[in-house]
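Structure, rendered in structure tokens:
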């Protein structure tokens, strides 16, 4: 198993290098510079490039490793960065991947327009890899875009809502995060020439791994090691965000504990020196374990749907990927 | 001729009604409301719906009136409204079609996200009308989107640039305005099953009529009748905008006249009580006539490319449309 893990890691790393190359040229030598330089700035900010990997792995899995749609991989990353640029404005975020956000580095107007432009190039790049099944691929990509807008709108709504149920929260992350992962796997499967059964299986994998990924994100925010995390641990509580952990805690807490949690919503966040107290409350209520259980459930569901894949090596690759996501520390 | 003009006007009006119906349902019954209600607000603001008409007329012209892609027509109007919503933020505009702009009516965050969402639904709607040639149609649509972002970026650049040549200005409006009209005709022609020759001819028509339309817009800003115009006549001068008329005047003016014009750029606009003085200068320099000549030139070029259309009735319809655009007063 150790050997195959190394094999998967080196596949991930080598594919990541290739995706970076396509991304790097996607905005180069275009005019006006006022539009594409800031675009290059955000793309150069790096990231795990997980979404492109989902496209590639899905295409490879259904095509006996023969088809690798790099343009489409770059397209999903461009789309992802479009959402980051616009979301950072709405979240009033100053820092992204250790550097000033685009609207801080340039201006609000530039950030709006560059976001739009990243999306336009995303479609352009996706089309480069499309042939006979352009309609299905574009439909899936567009569906992902529609949902990511809806998810972001729900997320903003939640900031103002007093009560949010766990079901509502799950619907929001399905749209905001999971729809994108689902789309990556779906277009990869289409572009690789997969059967309808394979397309469905990989889409389901993407969706469930996306939900697991987001709950893991919520969990890391409170349980991560600050040095490795690169951000303030407990940041979601400071912002008063209604995360999976927070909503789960709220649903379990009674009496004084409940009042303490409601204060987070009422006051739109807590001070940094209160984080420890809330983490202890989360531990007392068992919501860290609850989250871990949910992450494992969704990951199992994701992997279960891959039974239809013929090649064991592909299934192992996805298993490695899923496990890496669960065990990540940032 | 009078009879056929009535025929064309009534065709325009009846098709507009049908486009409005498709537009009206495009955002209805979708969730969350926080996203789609503001979207409906902007769509309900009305407008001439010229872009949808270009799609329909192009499709009809190449298909013996058999094909009318209403979804694609709605798509180009949704795309157009996406640009309006984001441009209004960047232009800090308070009023659009006599009502508060989206970011004034709701909020900046909502306007950014609703713009994105209008674009997502635009692609969704366009795909509804695509079949065998989805790739060509989507490519043309995406090319239009890429260029409209580039054009807007150039337009914003011009605000800060001291010197802008007429060539640079024409490139900017080709991207910001004409590329969209070109795209409408192109996708209409594709969806109608036109030959490559017809697609090219209609694209060229769209591009040139788009340039004529924009110069006409610049001309109207100073020459319109205030009552019919619905906006302040001379608004472009007040904002210090580098329009076709302004750049043409600058290229012709000498001595004191030149200094007077340069003041507009230096001071980033003039006061309302100075408009009359500048209009007189424009008249003295003959730039109103120059603009009219250019509008007629581009319109002739547009109509000339339609010689390949078989049906005389179609050519007459486009001629009527082109002439209506030239003679419009708002």
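Chains as they are written, first to last, in our numbering: chain A, 1 to 330; chain B, 1 to 330. Think of the CB as a built atom: it goes at the ideal place given N, C-alpha and C, for glycine as much as any other residue. What you are looking at is a predicted structure, and each value in this text was computed from that prediction instead of being measured.
- Taken in chain order, the complete alpha helix (DSSP H) segments of 4 or more residues contained in the stretch 174-257 of chain B are 179-191, 196-223, 226-229, 235-239, 244-252.
- About 5 Å separates the beta carbons of residue 140 of chain B and residue 187 of chain B, which is inside the 8 Å limit, making them a contact pair.
- Chain order gives the chain A residues near residue 112 of chain B as 86, 89, 90, 112, where near means a beta carbon separation below 7 Å.
- Using a Cβ distance threshold of 8 Å, residue 251 of chain A and residue 166 of chain A count as a contacting pair.
- C-alpha of residue 142 of chain A to C-alpha of residue 323 of chain A: approximately 29 Å in a straight line.
- Excluding the 5 residues flanking it on each side, residue 67 of chain A has same chain C-beta neighbours closer than 8 Å at 59, 60, 191, 192, 193, in chain order.
- Under the Cβ criterion of 8 Å, residue 74 of chain A is not counted among the residues facing chain B.
- DSSP, read as helix, strand or coil, puts residue 270 of chain A in coil.
- Secondary structure note for residue 296 of chain B: its alpha helix (DSSP H) is the uninterrupted segment 287-304.
- For residue 162 of chain A, no alpha helix (DSSP H) segment is defined, and its DSSP state is neither H nor E.
- A/90 is the residue among A/303, A/272, A/90 whose C-alpha sits nearest the C-alpha of residue 153 of chain A.
- What residue 180 of chain B touches in chain A, judged by beta-carbon distance under 7 Å, is nothing: the nearest beta carbon there is about 13 Å away.
- The stretch 33-81 of chain A contains, as complete alpha helix (DSSP H) runs of 4+ residues, the segments 33-43, 50-62 (chain order).
- In this structure, residue 5 of chain A sits near residue 320 of chain A, with a CB-CB distance shorter than 8 Å.
- Interface residue (Cβ-Cβ distance to chain A less than 8 Å): residue 106 of chain B is not classified as such.
- The contact set of residue 59 of chain A on chain B, defined by CB atoms closer than 7 Å, is empty, because the minimum CB distance reaches about 18 Å.
- Counting along the chain, the unbroken alpha helix (DSSP H) around residue 120 of chain A starts and ends at 108-128.
- When beta bridges are read from the DSSP output, residue 275 of chain A appears opposite no residue.
- Its Cα nearest to that of residue 201 of chain B, the residue B/184 stands out among B/217, B/184, B/50.
- For residue 315 of chain A, the secondary structure class from DSSP, reduced to helix, strand or coil, is helix.
- Taking the Cα positions, residue 296 of chain B is about 8 Å away from residue 326 of chain B.
- Under the Cβ criterion of 8 Å, residue 308 of chain B is not counted among the residues facing chain A.
- In the DSSP annotation of this structure, the continuous segment of the alpha helix (DSSP H) that includes residue 104 of chain A starts and ends at 102-105.
- Comparing alpha-carbon positions, the option among B/23, B/79, B/138 lying closest to residue 180 of chain B turns out to be B/79.
- A straight line joining the alpha-carbon of residue 177 of chain A with that of residue 328 of chain A spans about 17 Å.
- Approximately 4 Å separates the beta-carbon atoms of residue 128 of chain B and residue 71 of chain B; this is inside 8 Å, confirming the contact.
- A straight-line Cα-Cα distance of about 4 Å links residue 52 of chain B and residue 73 of chain B.
- An exposed status is given to residue 13 of chain B, since fewer than 16 other beta-carbon atoms sit within 10 Å of its beta-carbon.
- For residue 282 of chain A, the CB contacts under 8 Å within the same chain, skipping 5 residues up- and downstream, are 222, 245, 249, 288 in chain order.
- The beta-bridge partner set that DSSP reports for residue 95 of chain B consists of B/100.
- Its Cα nearest to that of residue 85 of chain B, the residue A/109 stands out among A/105, A/109, A/76.
- The distance from the Cβ of residue 168 of chain B to that of residue 207 of chain B is about 17 Å, inconsistent with a contact at the 8 Å cut-off.
- Excluding sequence positions up to five before and after residue 121 of chain A, its CB lies within less than 7 Å of the CB of 26, 27, 78, all in the same chain and listed in chain order.
- Against chain B, the beta carbon of residue 152 of chain A has neighbours under 7 Å at 113, listed in chain order.
- By the Cβ neighbour-count rule, residue 117 of chain A is buried, with 16 or more other Cβ atoms within 10 Å of its own.
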